[in-house]
Amino acid sequence: QKEVEQNSGPLSVPEGAIASLNCTYSDRGSQSFFWYRQYSGKSPELIMFIYSNGDKEDGRFTAQLNKASQYVSLLIRDSQPSDSATYLCAGANSKLTFGKGITLSVRP
Amino acid sequence: DAGVTQSPTHLIKTRGQHVTLRCSPISGHKSVSWYQQVLGQGPQFIFQYYEKEERGRGNFPDRFSARQFPNYSSELNVNALLLGDSALYLCASSLWGSLNEKLFFGSGTQLSVL
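Protein sequences, first through last, are from chains A and B. Residue numbers for the first sequence follow my numbering, beginning at 1 and rising by one. Residue numbers for the second sequence follow my numbering, beginning at 1001 and rising by one.
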């Protein structure tokens, strides 16, 4: 069983819209969660992390964590074409476990 | 400041051969982790080292081994290569190796096994 699931996607939104990326996890022992962005042919880079239930905002990005539902999401407001990339959700317990990623395309 | 550097960037090997991948962490970072990323999938954890000691190992066969040197650089070795070992191998460094820390990834080594 995959520990971190990212089953939706690919996702396409128009420029300026809100992009909503979702992730579920099965390991209740996971302490913290991360969203990494990976441009095609590049390495992942961290954009958000969240430890506590609720929302965490950083600029145009908001991470949401619901431990009861084992659900993590990333909202990108005012989406830009430069946000087009694959977004990887990762959960941390004894190790960092990544989902397969969601590819986001922002249409100009 | 230099980021995480990996060498080589690309490598082509044949089945049964052995390969060594190298990684230099960001200056001051004491932990190095290795990940395998197959096309279309997320990175999969292989090893973590901190202060030259293995701190974690993922679900990979014994053909995979690694070590960390006193200068905190690291090598990943893969023996008896299989076609399925073809992937992007990513090295990531962090200060203390805590799971709550930000990981800084290198550009990776693209390994092709023919």
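Glycine included, each C-beta is placed from N, C-alpha and C at the ideal position. None of the values given here were measured: they were computed from a predicted structure.
query: Presumed contact (8 Å Cβ cut-off) between V1078/B and R1063/B, rounded CB distance; result: 6 Å
query: Minimum Cβ-Cβ distance from S1076/B to chain A less than 7 Å; result: According to the sequence displayed, residue 1076/B carries Leu and not Ser. No, no contact with chain A.
query: Helix, strand or coil at L1083/B according to DSSP, with G and I counted as helix; result: helix
query: Bridge partners - P14/A, DSSP secondary structure assignment; result: R107/A
query: Any chain A beta carbon closer than 7 Å to N1100/B; result: yes
query: Reduced DSSP category for S20/A - H, G, I as helix; E, B as strand; rest coil; result: strand
query: Y71/A - partner residues in DSSP beta bridges; result: T24/A, N66/A
query: Neighbour flag for F33/A against chain B, beta carbons, 7 Å; result: no
query: Terminal residues of the beta strand (DSSP E) in which A92/A lies; result: 85-92
query: Neighbourhood of S12/A by C-beta, 7 Å cutoff - its chain only, sequence neighbours within 5 removed; result: S105, R107
query: Contact with chain B by A92/A, beta-carbon distance below 7 Å; result: yes
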